[in-house]
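When you number the sequence shown by full-length UniProt numbering, it's gap-free, plus one each residue, and the end is 234. Note that beta-carbon positions come from the ideal geometry of N, C-alpha and C, so glycine has one too. Remember, it's a predicted structure, so these values are computed and weren't measured experimentally.
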Amino acid sequence: MQSHARGHLVYAASGVLAVQTERGTSIVPANRVAWTPGGFTHHHRAHGDTDMRIVFLAPAHARLLPDRPAVFMASDLAREVLLALTGPRNHDDAVAGYSRSARSRLHRVLVDELREAHEEPLHLPEPRDDRLKAIARVLYETPSDNATLAELGRTVGASTRTLSRLFRSELGMTFYEWRTQLRIYHALVLLADGHDTVQTAYACGWANPSSFIAAFTGIVGTTPGRYRTGRRRR
1 MQSHARGHLV YAASGVLAVQ TERGTSIVPA NRVAWTPGGF THHHRAHGDT
51 DMRIVFLAPA HARLLPDRPA VFMASDLARE VLLALTGPRN HDDAVAGYSR
101 SARSRLHRVL VDELREAHEE PLHLPEPRDD RLKAIARVLY ETPSDNATLA
151 ELGRTVGAST RTLSRLFRSE LGMTFYEWRT QLRIYHALVL LADGHDTVQT
201 AYACGWANPS SFIAAFTGIV GTTPGRYRTG RRRR
């Protein structure tokens, strides 16, 4: 776990990253950018053959981005700026060849691109209520578990109505939306490790590959097959 005074962007040029803070886990597949504001305790975890790039932002640029963790799609221009800033050593402070003023201008271009991008639904919020935490532990360990909310509620001593209210008030989504997000995160990890679409679908709890493909495409923006092929080409 670590914390920085400056906010920072983490880019997955290839592979899959997870950035965990007290607010939850940002899932960062290839060509996404995760934003972590300054002062947030966090840690990074890489899955598969991952090329991680980090860019720290000055307060003047950081204040233009959200005051909470977020994930954005990297435009072609944003991607090229990130690669230019980080260079072969993967860290913007170590890049030779750019003056301080030049780096500042590139940072501004990058921030402008992210402000124009839509936030990706790839942030999995972390529950605070003990009952939700118990349910989350079960599903983290076994994402293929298809127990209903009522069945899970009986194991933690809470009614479906209470748990539904807690999911909406604490996490801003329904139980089924949260579980789908969790399963997509696990799916990205499995795909990064070389599993195929069919294996991944069943391992993450989908009844058939077609329903998995539809859910994956709706959140990630491309099919699992195209995602794996694009990741291998980068």
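Going by DSSP, what residue range makes up the beta strand (DSSP E) through Phe-72?
What you label residue 72 is simply residue 72 of the sequence shown in a count that begins at 1. 70 to 73 is the span of the beta strand (DSSP E), which, as asked, contains Phe-72.
One question on the structure: do His-107 and Ile-54 come within less than 8 Å of each other, judged by their Cβ atoms?
Numbered from 1 along the sequence shown, position 107 holds the residue referred to as residue 107. Numbered from 1 along the sequence shown, position 54 holds the residue referred to as residue 54. Taking 8 Å as the Cβ cut-off, His-107 and Ile-54 do not qualify as a contacting pair.
Taking the alpha carbon of Gln-181 as the reference point, which residue from Gln-199, Phe-212, Ser-104 and Gly-38 has its own alpha carbon closest?
Taking the sequence shown and counting its residues from 1, the one referred to as residue 181 is at position 181. The residue from Gln-199, Phe-212, Ser-104 and Gly-38 with its alpha-carbon nearest to that of Gln-181 is Phe-212.
Using the rule of at least 16 other Cβ atoms within 10 Å of the residue's Cβ for burial, across every protein chain shown, is Gly-120 buried or exposed?
The residue you call residue 120 lines up with position 120 of the sequence shown. According to the sequence displayed, residue 120 carries Glu and not Gly. The residue is buried, with at least 16 neighbouring Cβ atoms inside 10 Å.
Buried or exposed for Thr-155, please, with buried defined as at least 16 other CB atoms from any protein chain shown within 10 angstroms of its CB.
Counting from one through the sequence shown, the residue named residue 155 turns up at place 155. Exposed, since its Cβ has fewer than 16 Cβ neighbours within 10 Å.
Gly-221: first and last residue of the uninterrupted beta strand (DSSP E) it sits in
Position 221 of the sequence shown, counted from the first residue, corresponds to residue 221. Segment: none, Gly-221 is in no beta strand (DSSP E) and carries neither H nor E.
Beta-carbon gap between Ser-3 and Thr-41 smaller than 8 Å
Taking the first residue of the sequence shown as 1, we reach residue 3 at position 3. Taking the first residue of the sequence shown as 1, we reach residue 41 at position 41. Closer than 8 Å, so yes.
From which residue to which residue does the alpha helix (DSSP H) around Asp-76 run?
As a working note, residue 76 is residue 76 in the sequence shown. Element bounds for Asp-76: 76 to 86.
Might you give, ordered along the chain, the residues of its own chain that have their beta carbon closer than 6 Å to the beta carbon of Glu-126, omitting 5 neighbours on each side?
What you label residue 126 is simply residue 126 of the sequence shown in a count that begins at 1. Cβ neighbours of Glu-126 beyond the five flanking positions: Gly-24.
Please work out which residues of its chain come closer than 6 Å, Cβ to Cβ, to Leu-163, disregarding the five sequence neighbours upstream and downstream, and give them in chain order.
Looking up residue 163 in the sequence shown gives position 163. Closer than 6 Å at the Cβ level, and outside the excluded window around Leu-163, lie Leu-149 and Gly-153.
Taking the alpha-carbon positions, what's the Arg-183 to Asn-146 distance?
On the sequence shown, position 183 is the one that residue 183 refers to. On the sequence shown, position 146 is the one that residue 146 refers to. Straight-line measurement puts the Cα of Asn-146 at about 11 Å from the Cα of Arg-183.
According to DSSP, is Glu-151 helix, strand or coil?
The sequence position of residue 151 within the sequence shown is 151, counting from 1. Glu-151 falls in the helix class under three-state DSSP.
Spatial neighbours of Leu-166 within its chain, please: C-beta separation below 6 Å, excluding the five flanking residues on both sides.
For the purposes of this step, residue 166 is identified with residue 166 of the sequence shown, where counting begins at 1. Excluding positions up to five away in sequence, the list reads Asp-129 and Leu-132.
Between the C-alpha atoms of Thr-36 and Ala-70, what's the straight-line distance to the nearest angstrom?
Mapped onto the sequence shown, residue 36 falls at position 36. Mapped onto the sequence shown, residue 70 falls at position 70. If you draw a straight line from the Cα of Thr-36 to the Cα of Ala-70, it comes to about 7 Å.
8 Å Cβ cutoff met for Pro-29 and Leu-188:
Start at 1 with the first residue of the sequence shown, and residue 29 comes out as number 29. Start at 1 with the first residue of the sequence shown, and residue 188 comes out as number 188. Contact flag set, yes.
For Val-16, the nearest candidate out of Ala-207, Glu-22, Ala-46 and Glu-177 (CA to CA):
Translated into the one-based positions of the sequence shown, residue 16 becomes position 16. Of Ala-207, Glu-22, Ala-46 and Glu-177, the residue nearest in Cα terms is Ala-46.
Could you compute how far the alpha carbon of His-61 sits from the alpha carbon of Ser-210?
The sequence position of residue 61 within the sequence shown is 61, counting from 1. The sequence position of residue 210 within the sequence shown is 210, counting from 1. In a straight line, the C-alpha of His-61 is about 42 Å away from that of Ser-210.
Identify which residue in Met-52, Asn-208 and Thr-21 has its Cα closest to the Cα of Gly-38.
Within the sequence shown, residue 38 is the residue found at index 38, counting from 1. Of Met-52, Asn-208 and Thr-21, the residue nearest in Cα terms is Thr-21.
Can you give me the Cβ contacts of Ala-158 inside the same chain, cut-off strictly under 7 Å, excluding the 5 residues immediately before and after it?
Within the sequence shown, numbered from 1, the residue matching residue 158 stands at position 158. Excluding sequence positions up to five before and after Ala-158, its CB lies within less than 7 Å of the CB of Arg-131, all in the same chain and listed in chain order.
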